[in-house]
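Student:
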Amino acid sequence: MFRRLALPAALLAAVAVLGAAPATTAAPTAPAAGSVCFWTGAGQHGTSWCYTPPGYTDVPESLHDKAASFRSDTGTAVYAIDWGRDTCYYRLIRAHDLADNWPWGARLDGVSDTTMGCEVG
Numbered sequence: 480m481f482r483r484l485a486l487p488a489a490l491l492a493a494v495a496v497l498g499a500a501p502a503t504t505a506a507p508t509a510p511a512a513g514s515v516c517f518w519t520g521a522g523q524h525g526t527s528w529c530y531t532p533p534g535y536t537d538v539p540e541s542l543h544d545k546a547a548s549f550r551s552d553t554g555t556a557v558y559a560i561d562w563g564r565d566t567c568y569y570r571l572i573r574a575h576d577l578a579d580n581w582p583w584g585a586r587l588d589g590v591s592d593t594t595m596g597c598e599v600g
């Protein structure tokens with residue numbers, strides 16, 4: 480009888496220890512060569528998405544007007560685009576630039592390798 484109870488008790492103790500282990504967060508990964516990555520959190524944390532030139536691409540909904548940081552690993556400039564009511568605005572992101580706390584990300588709608596004819600914003 481004692482052996483039957485010993486195994487389930489040991490199993491419950493192991494599960495309790497695993498459940499009490501502190502959660503770990505993955506370190507942010509560097510963008511792939513030639514891309515610019517944006518994160519929802521400061522310091523390149525949170526949900527991320529990466530853009531690789533050329534062309535224009537809308538950012539996903541998770542980052543639309545919600546990018547808090549970015550890191551560029553491109554050898555060329557790209558442009559963050561904000562579509563206004565009657566016009567559009569751009570913010571230059573230089574090659575190998577980064578921002579851990581990026582206020583302009585609250586305007587981010589898309590990314591392009593050209594200014595798209597937008598005004599400086």
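Residues in the sequence shown are numbered from 480 upward in steps of one, following the working numbering.
For each residue, glycine too, the CB sits at the ideal point set by N, CA and C.
(1) What are the start and end residues of each continuous beta strand (DSSP E) run of 3 or more residues lying completely inside the segment 515-555, in chain order?
(2) Of the residues Pro582, Thr594, Glu598, Thr593, which one's Cα is nearest the Cα of Ala546?
(3) Looking at the structure shown, is Gly584 part of a helix, part of a strand, or coil, going by DSSP?
(4) From which residue to which residue does the beta strand (DSSP E) around Ala559 run?
(5) By DSSP's criteria, Cys567 is part of a beta bridge. Which residues make up the other side?
(6) Taking 8 angstroms as the cut-off, does the segment 564-571 touch the segment 548-555 (at least 3 CB pairs, one atom from each stretch)?
(7) Could you pull out every residue in the same chain whose Cβ sits closer than 7 angstroms to the Cβ of Cys529, ignoring the five residues on either side in sequence?
(8) How is the beta strand (DSSP E) around Gly596 delimited, first residue to last?
(9) Is DSSP giving Ala511 helix, strand or coil here?
(10) Looking at the strands, I want to know which residues DSSP matches up with Ala578.
(11) Where Asp579 and Ala521 are concerned, what is the direct C-alpha to C-alpha distance, given to the nearest angstrom?
(12) Out of Glu540, Leu587, Leu542, state which residue places its alpha-carbon closest to the alpha-carbon of Tyr558.
Tutor: This is what the structure gives:
(1) 515-520, 524-530, 535-537, 548-551
(2) It is Pro582 whose Cα lies nearest to the Cα of Ala546.
(3) helix
(4) Per DSSP, the unbroken beta strand (DSSP E) holding Ala559 starts and ends at 557-562.
(5) Trp562
(6) no
(7) Cβ within range, chain order: Pro510, Ala511, Ser514, Val515, Cys516.
(8) Careful: Gly596 lies outside any beta strand (DSSP E) and carries neither H nor E.
(9) coil
(10) Phe549
(11) The C-alpha of Asp579 lies about 5 angstroms from the C-alpha of Ala521.
(12) Across the set Glu540, Leu587, Leu542, the C-alpha of Leu587 shows the shortest separation from the C-alpha of Tyr558.
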